[in-house]
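Working notes for the structure below.
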Amino acid sequence: MMLEPLVTALADLEEDRVLDIVGEALNEGAEPLSILQACQRGMTEVGDRFEKKEYFVSDLMMSGEIFKQVGLILEPHLKSSTRISGGAVVIGTVQGDIHDIGKDIVVNMLKSADLDVTDLGVDVPPARFIDALRETDASVLCMSGLLTLAFDSMKETIHEVTDAGLRDKVRIMVGGGPVNNLVCEVVGADDWGADAQAAVRLAKSWLEVGA
Ligand code: B12
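With the first letter of the sequence shown counted as 1, position 84 gets the number 1146 in my numbering; the numbers rise by one all the way through.
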């Protein structure tokens, strides 16, 4: 099934149409992941229209609401087939940033892979990440961020994790819309992921090597 109409419907903020297409696509056997990717492209278009001042913050909010509904429908279909037992992970959206739709997808995938996930929510200051790492004894830290300013928070958090003497006990991954290889390097993370499966893949490789 062609998912282009889904990208357009989401970009145009047509909630009912989005939900109809998602339902039909699932019925026709479309891959849940390709549905998710189409929605992500729709969200990128919403962001572009916002940058061009065709959309306002209220439209960003609307797109978020629609995406969350899609998430509810897709969630049962987005279980990871990977199982990683015995691993603890701390995750949150970094300080100054409140985008959590993508992070929540990552949280669900990590949980469905049987990891013990501590989700700190959004706008998480470095000290809370550090407290959680100590409390849970987690060996994997995941940070999400969609704003450019989130990169500073990621860098600062990693700096403070190092100062707290925890850097050689945890592997750190970053992700979220604009994160790429360069961002990963600049903030000092060990790796980055473009989607939730990448998060599971990285966690698995780190935890199984460490086991
Ligand atoms: C929806 C949305 C909002 C909603 C968020 C609702 C919510 N509960 O999250 C609301 C309305 C709150 C919002 C607010 C703002 N937003 Co906004 N928003 C968006 C939008 C349209 C979609 C984001 C989204 O949900 N995408 C879908 C998800 C599924 O994708 P994702 O987050 O990338 O996650 C996937 C992967 O990246 C990965 N992933 C995510 N996290 C992690 C972590 C790890 C470790 C790994 C491995 C992988 C991973 O897995 C996910 C699933 O595949 C984006 C546009 C865009 N291009 O993304 C703008 C965008 C991010 N927002 C933007 C802006 C400017 C703002 C505001 C400043 C607007 C304002 N003037 O108030 C505020 C900032 C508030 C704040 N302090 O954070 C800009 C950022 C520009 C910049 N360079 O900094 C963008 C890019 C829009 C644009 N093009 O201008 N926004």
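We put the beta carbon where it would ideally sit given N, CA and C, even for glycine. Because the structure is a prediction, the values reported are computed rather than measured.
Could you work out which residue in the options is closest to residue i when comparing CA atoms only?
{"i": "G1227", "options": "V1186, D1193, A1258 and D1176", "result": "D1193"}
{"i": "V1168", "options": "L1088, L1081 and L1095", "result": "L1095"}
{"i": "D1074", "options": "A1087, D1121, I1083 and V1084", "result": "D1121"}
{"i": "S1143", "options": "L1269, W1268, V1262 and E1270", "result": "V1262"}
{"i": "G1164", "options": "L1195, E1247 and G1207", "result": "G1207"}
{"i": "A1260", "options": "N1242, V1248 and V1249", "result": "N1242"}
{"i": "E1090", "options": "Q1099, L1065 and E1076", "result": "L1065"}
{"i": "G1158", "options": "Q1099, F1118 and D1214", "result": "D1214"}
{"i": "R1233", "options": "D1252, C1246 and V1156", "result": "D1252"}
May I have the straight-line CA-CA distance separating residue i from residue j, to the nearest angstrom?
{"i": "H1161", "j": "M1124", "result": "13 Å"}
{"i": "V1218", "j": "A1258", "result": "The sequence shown places Glu at residue 1218, not Val. So the alpha carbons of these two residues sit roughly 24 Å apart."}
{"i": "G1109", "j": "E1222", "result": "32 Å"}
{"i": "N1170", "j": "K1115", "result": "33 Å"}
{"i": "D1230", "j": "V1084", "result": "43 Å"}
{"i": "D1078", "j": "S1201", "result": "42 Å"}
{"i": "V1236", "j": "V1186", "result": "14 Å"}
{"i": "L1264", "j": "G1255", "result": "8 Å"}
{"i": "M1216", "j": "R1196", "result": "18 Å"}
Can you check DSSP and say which residues form a bridge with residue i?
{"i": "D1110", "result": "Paired residue(s): none; D1110 is not in a bridge."}
{"i": "L1136", "result": "BP columns for L1136 are empty, so no partner."}
{"i": "W1254", "result": "V1236"}
{"i": "T1155", "result": "S1206"}
{"i": "A1180", "result": "According to the sequence as given, residue 1180 is Thr; it is not Ala. DSSP output for T1180 lists V1152 as bridge partner(s)."}
{"i": "V1186", "result": "V1156"}
With a cut-off of 8 Å on the beta carbons, I'd call residue i and residue j a contact; round off their distance for me.
{"i": "K1266", "j": "I1097", "result": "Between I1097 and K1266 the Cβ distance is about 24 Å, and since that is not below 8 Å, they are no contact."}
{"i": "L1068", "j": "A1100", "result": "4 Å"}
Original post:
When the Cβ atoms of the region 1175 to 1194 are set against those of the region 1138 to 1154, are three or more pairs found closer than 8 Å?
Top reply: Yes, the region 1175 to 1194 is in contact with the region 1138 to 1154.
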